[in-house]
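Single-structure report; data block below.
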Amino acid sequence: MKNTGSYRRFFLYSIPVTLLAGLIVASVFATPAPPKTNGKDTEAKTAKAAKPAKFPLSLWATADEGDYSGGKNCTNCHKTQTDSYERSPHTVYMKDPHNTVDKTGCEGCHGPSKNHVAHRKEEEGLYQNVVSYTHSTPEQIAASCLRCHQDTVTQNHWKRTEHSHAGVSCTSCHQMHWADRLGKDRIRVAPDQKNDALTNTVGKAQVASVFTNAAAPKALLKSNEANLCGSCHRKVGAEFRNNFHHPVPEGRLVCSDCHSAHPNRDDRKLMRTAKQACITCHADVAGPFVYEHDPASDLTGTGCLECHNPHGSSNPAILNSFTRGLCIKCHTDKSVNHNPGRNCWDSGCHSAIHGSNHDPRFLQR
Amino acid sequence: MKNTDKTQTASRMQSFTKVFAIAALATMYTPIRAAAQSPFDTAGTLGSIAGAGAFTVAQDDAPEPPRAQPKSKLDPATYLVAEVGYADWNVSGSRNKFRQYATVPGGFFLKELTYVPKMEDPGQYVFTSLKGIGGVDYRGDLGLVYNYGGTRISGYFSNSSFFEDTNAPVGASSRHSAGFDLRQNVTKNFSLAYRFKSDSQVNRYESPNAGENQHTQYQDISAAGKVGPGYLKLSSANLRFEDNTGTWVNSDVQTFAGSYLWNVNDGIDLQAGYSRANIGQTGMKGSHIESFALNGDVAIGSGTDVNLAMQNRRLSMPNTLNDYVKHQGIESISLSQRYKSWRGSISLRLQDDERLNYSQTYVDVPKWSTVEGRLSGRVPGGLRLTVRGYTQALIEQPGFNTNDPSNLYWTARDFAEGRLEGGHDDLSYYAVYTYRSDRNAARAAEVTTGQYTLGATYQVSPTLNMFAEYHHELWSGKAAITGYPSIGNYLPDVTTGILQLTYNPNKRAYLSLTYTGFGTRNDNPLMLPDGNTRGTFVTINGRYKFNRGYELGFMVAPWTYRDNVVNAMNYNATVFMLTGSTRF
Numbered sequence: 007m008k009n010t011g012s013y014r015r016f017f018l019y020s021i022p023v024t025l026l027a028g029l030i031v032a033s034v035f036a037t038p039a040p041p042k043t044n045g046k047d048t049e050a051k052t053a054k055a056a057k058p059a060k061f062p063l064s065l066w067a068t069a070d071e072g073d074y075s076g077g078k079n080c081t082n083c084h085k086t087q088t089d090s091y092e093r094s095p096h097t098v099y100m101k102d103p104h105n106t107v108d109k110t111g112c113e114g115c116h117g118p119s120k121n122h123v124a125h126r127k128e129e130e131g132l133y134q135n136v137v138s139y140t141h142s143t144p145e146q147i148a149a150s151c152l153r154c155h156q157d158t159v160t161q162n163h164w165k166r167t168e169h170s171h172a173g174v175s176c177t178s179c180h181q182m183h184w185a186d187r188l189g190k191d192r193i194r195v196a197p198d199q200k201n202d203a204l205t206n207t208v209g210k211a212q213v214a215s216v217f218t219n220a221a222a223p224k225a226l227l228k229s230n231e232a233n234l235c236g237s238c239h240r241k242v243g244a245e246f247r248n249n250f251h252h253p254v255p256e257g258r259l260v261c262s263d264c265h266s267a268h269p270n271r272d273d274r275k276l277m278r279t280a281k282q283a284c285i286t287c288h289a290d291v292a293g294p295f296v297y298e299h300d301p302a303s304d305l306t307g308t309g310c311l312e313c314h315n316p317h318g319s320s321n322p323a324i325l326n327s328f329t330r331g332l333c334i335k336c337h338t339d340k341s342v343n344h345n346p347g348r349n350c351w352d353s354g355c356h357s358a359i360h361g362s363n364h365d366p367r368f369l370q371r
Numbered sequence: 034m035k036n037t038d039k040t041q042t043a044s045r046m047q048s049f050t051k052v053f054a055i056a057a058l059a060t061m062y063t064p065i066r067a068a069a070q071s072p073f074d075t076a077g078t079l080g081s082i083a084g085a086g087a088f089t090v091a092q093d094d095a096p097e098p099p100r101a102q103p104k105s106k107l108d109p110a111t112y113l114v115a116e117v118g119y120a121d122w123n124v125s126g127s128r129n130k131f132r133q134y135a136t137v138p139g140g141f142f143l144k145e146l147t148y149v150p151k152m153e154d155p156g157q158y159v160f161t162s163l164k165g166i167g168g169v170d171y172r173g174d175l176g177l178v179y180n181y182g183g184t185r186i187s188g189y190f191s192n193s194s195f196f197e198d199t200n201a202p203v204g205a206s207s208r209h210s211a212g213f214d215l216r217q218n219v220t221k222n223f224s225l226a227y228r229f230k231s232d233s234q235v236n237r238y239e240s241p242n243a244g245e246n247q248h249t250q251y252q253d254i255s256a257a258g259k260v261g262p263g264y265l266k267l268s269s270a271n272l273r274f275e276d277n278t279g280t281w282v283n284s285d286v287q288t289f290a291g292s293y294l295w296n297v298n299d300g301i302d303l304q305a306g307y308s309r310a311n312i313g314q315t316g317m318k319g320s321h322i323e324s325f326a327l328n329g330d331v332a333i334g335s336g337t338d339v340n341l342a343m344q345n346r347r348l349s350m351p352n353t354l355n356d357y358v359k360h361q362g363i364e365s366i367s368l369s370q371r372y373k374s375w376r377g378s379i380s381l382r383l384q385d386d387e388r389l390n391y392s393q394t395y396v397d398v399p400k401w402s403t404v405e406g407r408l409s410g411r412v413p414g415g416l417r418l419t420v421r422g423y424t425q426a427l428i429e430q431p432g433f434n435t436n437d438p439s440n441l442y443w444t445a446r447d448f449a450e451g452r453l454e455g456g457h458d459d460l461s462y463y464a465v466y467t468y469r470s471d472r473n474a475a476r477a478a479e480v481t482t483g484q485y486t487l488g489a490t491y492q493v494s495p496t497l498n499m500f501a502e503y504h505h506e507l508w509s510g511k512a513a514i515t516g517y518p519s520i521g522n523y524l525p526d527v528t529t530g531i532l533q534l535t536y537n538p539n540k541r542a543y544l545s546l547t548y549t550g551f552g553t554r555n556d557n558p559l560m561l562p563d564g565n566t567r568g569t570f571v572t573i574n575g576r577y578k579f580n581r582g583y584e585l586g587f588m589v590a591p592w593t594y595r596d597n598v599v600n601a602m603n604y605n606a607t608v609f610m611l612t613g614s615t616r617f
């Protein structure tokens with residue numbers, strides 16, 4: 007028995023742990039110390055040294071209770087928006103009487119209304135006194151939403167996600183104002199608003215309307231997930247148009263069945279593997295088996311993805327090669343002379359290709 | 034011939050230019066017309082005048098005159114929608130292929146019944162929705178939120194019926210699933226949740242493959258929320274798998290997991306997690322898998338972040354006899370940098386698997402190293418460029434006990450993707466190119482693919498939108514053992530495309546025409562079905578909304594599928610569907 011892994015692993019692990027500890031220490035020591043004071047003006051200097059909240063958080067941070075109107079003023083100018091807000095399930099939470107005033111009603115998302123009303127005719131100051139989600143950067147939008155939604159993802163984590171790096175923020179996918187209480191036409195809040203490209207992106211969604219049993223979009227999403235995610239993930243959207251695919255265009259599956267759009271809070275990012283998403287439905291191939299097929303065991307390579315392209319493929323069973331070409335990519339010696347016939351797995355031979363409890367060559371389940 | 038083409042092209046360009054000019058004029062005209070007619074804007078103008086007056090009067094300390102109230106642009110809110118329909122498939126040929134993924138409703142059916150009651154209590158929200166009732170494929174959703182007390186309940190059930198695309202007659206496969214969620218907020222920042230899912234599947238395959246009849250039940254309970262300076266999550270999950278055919282071993286997986294995310298300060302986050310899965314299988318010894326993970330994010334500058342992660346898994350699978358991994362370690366470090374509109378990241382990932390070999394007498398430790406990078410940002414011309422990729426190397430190879438003991442793992446893998454996007458208010462376009470290469474030096478094997486996707490959405494006029502996309506995959510392969518057939522003969526090229534026109538002449542009418550097509554080029558050495566296929570799907574969809582919320586819709590979908598090798602797979606269908614809905 008030869009075991010060379012433990013010592014190597016110890017040294018291998020010690021490197022990132024040491025680096026991490028070093029970075030934490032460096033970061034703590036790098037934090038600027040508060041300025042020294044000498045008696046009288048201590049309070050004033052401390053106040054000056056305190057880091058002011060950045061916009062848009064400063065709107066809430068600097069507001070007094072009197073700056074909030076309880077949303078009474080909003081309807082005077084924004085009748086369409088207040089009507090559409092009343093139709094959204096988000097209202098349920100914004101009207102919770104347990105909420106503090108800065109997290110209630112319109113002002114819970116758009117900031118206190120007093121200064122906005124006072125400065126509403128000033129072109130320069132208009133958007134400095136209200137949180138306008140169409141005039142904010144992705145960082146500002148995330149900062150506003152994450153005041154309440156920290157259980158989804160923190161601000162620190164959000165800015166490190168791939169979505170953040172691509173400039174995608176909360177309102178890129180979610181919509182608080184609904185034109186219709188039933189969730190129809192979420193994109194078009196105002197009838198004269200131009201149709202968003204989202205509704206036409208994946209395209210096959212139009213075909214999907216033939217299949218009437220698709221689940222409705224959840225979590226206040228702007229559109230069904232196929233269209234919404236496909237508006238950026240173009241190539242993936244195209245793959246679903248292949249002859250063989252998971253039934254996403256038909257509405258039988260949605261992207262979030264396998265993927266997490268907010269990955270940092272999710273265990274999947276931390277400890278799970280791709281196979282664990284697959285075996286939620288395909289539990290029969292989960293194993294462990296007496297005889298494991300290495301790539302299917304999910305411990306080497308990319309697991310299920312070694313053989314399957316889950317979005318779509320031109321090959322049956324969404325395989326990434328046609329028939330026995332899949333096997334001879336690794337088992338090159340079986341390419342020409344080994345029982346030429348049908349596929350390796352459905353010709354009555356290697357029928358337990360994901361793993362077997364009876365046969366090391368996977369001939370029997 | 035070429036001159037004729039040029040003439041035609043020029044003519045088309047002129048027509049296009051005219052259409053574009055008309056569209057541009059219409060775009061310019063529409064807001065003016067809308068401004069003149071919109072009660073909102075009229076009220077806005079009045080409001081401005083009143084506002085100016087108020088300012089003047091306010092200087093005289095006189096009371097402000099009442100403002101004109103703007104009107105909502107929304108239709109009246111509805112709380113119930115009921116939609117019924119009739120559909121005829123008119124299908125000839127392989128019905129199994131036609132019904133492969135989901136079944137189109139046939140005959141009379143309830144397309145949708147959704148109810149969202151008008152609840153006076155703002156803290157409560159209820160919805161229920163039924164779809165496809167009357168057919169074999171249906172779905173129901175139920176949601177109920179009681180915000181007082183912080184309780185939330187939601188549930189669903191669904192049934193799907195589908196077929197394997199076989200040329201021999203094989204019965205329907207089906208799937209029935211149901212589940213519900215229950216969440217209770219204990220405090221403002223801490224909640225308990227319970228989830229239950231039940232999933233039954235009956236899959237029928239073509240002989241000699243055996244069918245499947247299985248049931249999976251999943252339930253978990255979790256406690257999560259803010260604790261101290263971080264976020265704690267504890268969960269316990271149970272996955273039970275039962276095979277009703279007696280082929281597979283029933284199993285029960287009990288997983289316990291806990292993680293804590295500690296926000297050290299604005300620049301540092303640390304997350305640690307532990308999980309243990311106990312796997313029980315009927316008539317077999319118990320197995321377990323333990324995982325420990327540590328993840329840290331450190332902001333070392335205003336635009337610079339470092340992420341360090343390690344994961345350690347220990348596996349005990351006493352029933353497994355062939356090569357298996359008993360220990361796995363993954364470590365990674367990544368650096369990401371933001372600069373103006375540009376963002377880039379680079380990471381290094383190391384993985385080692387401690388494998389017990391077939392004879393269970395020898396441990397080998399294959400190792401992989403992966404370098405991954407990503408860069409995205411704005412480039413001149415209003416374009417956005419994204420480039421990402423990775424290169425992976427097998428730095429230590431394991432031994433194999435097979436007929437040909439050469440290394441079976443890929444020794445090198447490369448992936449690269451470039452994406453360019455651009456556009457303006459009326460046009461957005463994109464181009465994506467993907468390259469992937471997997472190589473096994475020991476067997477001189479190589480599989481390479483290059484894929485590109487081109488697409489655009491164009492708002493031709495305020496009422497007409499056009500979407501087009503073209504996707505092409507090129508595959509090639511080779512190995513030390515040549516001769517026919519080799520790897521390359523089993524890697525078909527594929528093309529897919531879509532063209533969609535959407536016409537909204539006014540607020541009430543909607544008409545769309547969608548063409549989707551795909552085709553494969555395949556050597557198909559064994560002359561098997563599904564290798565040389567071509568599909569053409571046209572869907573025409575129209576809806577008209579009447580004054581009082583009534584809506585009529587129609588759909589005509591001539592679909593054609595062709596298998597050039599096994600003609601029994603072909604089908605022609607012309608789905609015709611008529612629907613009518615009302616809202617209250």
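Sequences listed follow chains G and D, in order. So the first sequence is residues 7 to 371, counted in our numbering. So the second sequence is residues 34 to 617, counted in our numbering. The beta carbon of each residue, even a glycine, is placed where N, CA and C say it ideally should be.
Whole-angstrom distance between residue j and residue i, CA atom to CA atom
i                      : j                      : result
residue 267 of chain G : residue 143 of chain G : 19 Å
residue 494 of chain D : residue 216 of chain G : 27 Å
residue 183 of chain D : residue 108 of chain G : 19 Å
residue 260 of chain D : residue 147 of chain G : 25 Å
residue 450 of chain D : residue 292 of chain D : 34 Å
residue 597 of chain D : residue 331 of chain G : 20 Å
residue 520 of chain D : residue 247 of chain G : 25 Å
residue 358 of chain G : residue 351 of chain G : 7 Å
residue 443 of chain D : residue 478 of chain D : 9 Å
residue 621 of chain D : residue 523 of chain D : The question about residue 621 of chain D has no answer here: the residues shown for chain D are numbered 34 through 617.
residue 601 of chain D : residue 242 of chain D : 20 Å
CB contact check: residue i to chain D, cutoff 7 Å
i                      : result
residue 61 of chain G  : no
residue 85 of chain G  : yes
residue 297 of chain G : yes
Best match in the options for proximity to residue i [C-alpha to C-alpha]
i                      : options                    : result
residue 363 of chain D : D:332, D:401, D:560        : D:401
residue 230 of chain G : G:250, G:306, G:261, G:302 : G:261
residue 153 of chain G : D:192, D:221, D:207        : D:221
residue 453 of chain D : D:461, D:446, D:447        : D:461
residue 355 of chain D : D:126, D:146, D:391        : D:391
residue 91 of chain G  : G:73, G:74, G:110          : G:110
Residue i CB to nearest heavy atom of the ligand NAP below 6 Å
i                      : result
residue 594 of chain D : Ligands are entirely absent from the displayed structure, and the ligand NAP is therefore not among its contents.
8 Å contact criterion, which residue i and residue j should meet: CB distance rounded
i                      : j                      : result
residue 374 of chain G : residue 467 of chain D : The structure shown does not extend to residue 374 of chain G, since chain G is modelled only from 7 to 371, so the question has no answer here.
residue 367 of chain G : residue 281 of chain D : Their Cβ separation, rounded to whole angstroms, is 18 Å, which puts residue 367 of chain G and residue 281 of chain D out of contact at 8 Å.
residue 23 of chain D  : residue 605 of chain D : An answer regarding residue 23 of chain D cannot be provided, because it is not within the stretch 34 to 617 covered by chain D.
Range of the contiguous beta strand (DSSP E) that encloses residue i
i                      : result
residue 452 of chain D : 445-457
residue 124 of chain D : 124-126
residue 243 of chain G : It is not in any beta strand (DSSP E) - residue 243 of chain G instead sits in the alpha helix (DSSP H) that spans 240-245.
residue 591 of chain D : 584-596
Below-7 Å beta-carbon distance, residue i vs any chain G residue
i                      : result
residue 199 of chain D : no
residue 504 of chain D : yes
residue 149 of chain D : yes
Boundaries (first-last residue) of the alpha helix (DSSP H) holding residue i
i                     : result
residue 99 of chain G : 96-100
residue 66 of chain G : 63-67
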